[in-house]
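>
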Amino acid sequence: EAGVTQFPSHSVIEKGQTVTLRCDPISGHDNLYWYRRVMGKEIKFLLHFVKESKQDESGMPNNRFLAERTGGTYSTLKVQPAELEDSGVYFCASSQEAGEWDTEAFFGQGTRLTVV
Amino acid sequence: QKEVEQNSGPLSVPEGAIASLNCTYSDRGSQSFFWYRQYSGKSPELIMSIYSNGDKEDGRFTAQLNKASQYVSLLIRDSQPSDSATYLCAVKSGGSYIPTFGRGTSLIVHP
Numbered sequence: 102e103a104g105v106t107q108f109p110s111h112s113v114i115e116k117g118q119t120v121t122l123r124c125d126p127i128s129g130h131d132n133l134y135w136y137r138r139v140m141g142k143e144i145k146f147l148l149h150f151v152k153e154s155k156q157d158e159s160g161m162p163n164n165r166f167l168a169e170r171t172g173g174t175y176s177t178l179k180v181q182p183a184e185l186e187d188s189g190v191y192f193c194a195s196s197q198e199a200g201e202w203d204t205e206a207f208f209g210q211g212t213r214l215t216v217v
Numbered sequence: 381q382k383e384v385e386q387n388s389g390p391l392s393v394p395e396g397a398i399a400s401l402n403c404t405y406s407d408r409g410s411q412s413f414f415w416y417r418q419y420s421g422k423s424p425e426l427i428m429s430i431y432s433n434g435d436k437e438d439g440r441f442t443a444q445l446n447k448a449s450q451y452v453s454l455l456i457r458d459s460q461p462s463d464s465a466t467y468l469c470a471v472k473s474g475g476s477y478i479p480t481f482g483r484g485t486s487l488i489v490h491p
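Taken in order, these protein sequences are the chains called A and W.
For what it's worth, our numbering labels the leading residue of the first sequence as 102, then goes sequentially.
For what it's worth, our numbering labels the leading residue of the second sequence as 381, then goes sequentially.
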């Protein structure tokens with residue numbers, strides 16, 4: 102069974118450009134989470150989807166970030182326009198039941214975003 | 381604001397020694413505690429979870445929780461070079477679906 106997959110693995114863009122990150126959760130997982138790790142900092146929560154609905158988007162830093170999960174399958178996270186401080190590693194995780202981090206929540210390998 | 385604090389390290393230990401990783405948290409309502417291991421360029425992987433005060437052992441790993449003092453630790457016995465990684469502490473309160481992560485401690489086990 103495939104795990105959580107993220108595309109691309111690396112992205113280097115110029116300030117002001119747009120980047121779209123994609124996350125494919127484990128099949129059947131209704132819950133999808135986005136996290137971000139800025140260099141030297143902790144992994145910070147961005148938002149949580151239950152199927153196609155945003156359950157919690159309290160961690161989204163500003164309106165330059167837009168997350169979608171049309172159809173309740175894969176999710177995209179768009180950054181437009183990108184700023185230097187957006188650089189970091191963006192992680193996605195998924196679980197079947199909400200909050201089941203000890204049994205069934207798994208992370209993807211992350212997308213390393215570098216804004217220059 | 382909920383905070384989870386870890387010493388970023390690196391913590392360097394010789395092969396065969398005990399590695400001790402510590403984590404403190406600010407939210408007294410926290411109920412679930414997790415340790416993740418992350419190799420460079422890889423996904424974080426859950427290695428231990430603990431919910432009650434005391435020790436929980438799994439192979440070479442022991443998680444220790446002290447809610448009164450608001451700290452959780454991870455001991456790795458007989459450390460191996462393959463244990464070299466970043467160890468992330470994560471804490472979740474009972475009313476939340478979302479754990480809060482620390483910045484991680486880098487562990488280096490040298491032969």
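Using N, Cα and C, we set each Cβ at its ideal position, and we do this for glycine too.
Entirely within the stretch 413–486 of chain W and at least 3 residues each: give me those beta strand (DSSP E) ranges in chain order.
Listed in chain order, they are 425–430, 434–438, 441–446, 451–456 and 465–473.
> In the DSSP output, what is A:Glu169 paired with across the bridge?
According to DSSP, A:Glu169 bridges with A:Thr177.
> Can you name the residues of chain A whose CB is closer than 8 Å to the CB of W:Lys472?
Under the 8 Å cutoff, chain A gives Gly200 and Trp202.
> Which one of A:His149, A:Ala194 and A:Arg213 has the shortest CA to CA distance from W:Glu425?
Taking only the C-alpha atoms, the option nearest W:Glu425 is A:Ala194.
> To the nearest angstrom, report how far apart A:Leu178 and A:Gly211 are at their CA atoms.
C-alpha separation (whole angstroms): 12 Å.
> Run through DSSP, which three-state label would W:Asp407 get?
W:Asp407: coil per DSSP, three-state reduction.
> Measuring only the C-alpha atoms, how far is W:Lys436 from A:Gly200?
Between W:Lys436 and A:Gly200, the C-alpha separation is close to 21 Å.
> Report the rounded CA-to-CA distance for W:Ile456 versus A:Thr204, giving the unit in angstroms.
C-alpha separation (whole angstroms): 21 Å.
> Answer yes or no: do A:Lys116 and A:Val217 have a C-beta to C-beta separation smaller than 8 Å?
Yes. Within cutoff.
> Within a Cβ cutoff of 7 Å, which residues of the same chain sit near W:Asn446, ignoring the five residues on either side of it in sequence?
Counting only Cβ-Cβ distances below 7 Å, and skipping sequence neighbours, we find Asn433.
> If distances are taken between C-alpha atoms only, which option among A:Ser154, A:Lys145 and A:Asn163 comes closest to A:Glu169?
Of A:Ser154, A:Lys145 and A:Asn163, the residue nearest in Cα terms is A:Ser154.
> Under 8 Å, Cβ to Cβ, is there at least one residue of chain W near A:Lys44?
Nothing about residue 44 of chain A can be reported from this structure: the residues present for chain A run from 102 to 217 only.
> Determine, using beta-carbon pairs with one atom in the stretch 382–393 of chain W and one in the stretch 158–174 of chain A, whether at least three such pairs fall under 8 Å.
Short answer: they don't touch.
> If you measure from the beta carbon of A:Asp131 to each beta carbon in chain W, is any gap under 8 Å?
So, not an interface residue.
> In chain W, which residues lie with their C-beta within 7 Å of the C-beta of A:Phe208?
The answer, in chain order, is Ser423 and Pro424.
> Buried or exposed: W:Lys472, going by 16 or more other Cβ atoms within 10 Å of its Cβ?
So W:Lys472 counts as buried.
> Rounding to the nearest angstrom, what Cα-Cα distance links A:Gly172 and A:Phe150 in this structure?
A:Gly172 and A:Phe150: Cα-Cα distance of roughly 11 Å.
> Quick check: what's the CA-CA separation for W:Gly396 versus A:Asp157?
Rounded to whole angstroms, W:Gly396 to A:Asp157 spans 44 Å at the Cα level.
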